[in-house]
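In my numbering, each number is its position in the sequence shown, counted from 1, plus 280. Every residue, glycine too, gets a C-beta built ideally from N, C-alpha and C. Quick caveat, the model's predicted, so the values are computed rather than measured. Working notes, beginning with the structure itself.
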Amino acid sequence: MITVRNAREEDVLAVVEIGVRAWEQAVVGVADLQVRRDNARSAFQQFLAAHWLRVTVAESDGVLAGWASRESLDDEITDLWVDPPQQKKGLGAALLAAIEGEILAAGFEAARLQTHARNTAAVGFFQKHGYSVSWLSVDYQPRLDRDVESIGLRRQLIAEEPIGYGPAGF
Numbered sequence: 281m282i283t284v285r286n287a288r289e290e291d292v293l294a295v296v297e298i299g300v301r302a303w304e305q306a307v308v309g310v311a312d313l314q315v316r317r318d319n320a321r322s323a324f325q326q327f328l329a330a331h332w333l334r335v336t337v338a339e340s341d342g343v344l345a346g347w348a349s350r351e352s353l354d355d356e357i358t359d360l361w362v363d364p365p366q367q368k369k370g371l372g373a374a375l376l377a378a379i380e381g382e383i384l385a386a387g388f389e390a391a392r393l394q395t396h397a398r399n400t401a402a403v404g405f406f407q408k409h410g411y412s413v414s415w416l417s418v419d420y421q422p423r424l425d426r427d428v429e430s431i432g433l434r435r436q437l438i439a440e441e442p443i444g445y446g447p448a449g450f
């Protein structure tokens, strides 16, 4: 059974490790895992230690298995990580629905996010859930010493009203 709830401070260490394992899977071919793993772990630890209140977690049968966050509490989903052995079991969809609910409750009409363009699993997951590509860019990343393609995705959560005259918008 999947349970989605707000993170607790005692979840931080487990959530960091889930993030690292999922990050490793997401950056294959983009970053040198041996060199970047410690940096990724440090970044997750710093963010989660300071901002665990902004994190939503998913449990599978009482065991932490994924998490998501909106760092600035705006319309951007900044993190959505599911432990690789737990993927394709509905945890990501449950987390996404919860985060989209938070975005709507905060008064936003759409959700947005970004990832690296080679993260085909993530891009496919979000497209399956109604997201479409809103931008694509290539930027030099000094930490990686290479160009990295980034992709922005967006989903309208509230139907836009037609602009025009009359009931059909004409």
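With a cut-off of 8 Å on Cβ pairs, the stretch 353-372 is in contact with the stretch 334-342, counting three or more such pairs. Note on geometry: alpha-carbon atoms of Y420 and V403 lie some 21 Å from one another.
D291 and A330 have their C-alpha atoms some 13 Å from each other. Put simply, the backbone Cα of P422 is about 29 Å away from that of G346. When secondary structure is reduced to three states using DSSP, A348 falls in the strand class. DSSP lists T283, L344 as the beta-bridge partner residues of E339.
Going by C-alpha positions, A386 is about 10 Å away from E380.
Distance between A373 and R426, taken at the CA atoms: about 32 Å. When DSSP states are grouped into helix, strand and coil, H409 belongs to the coil group.
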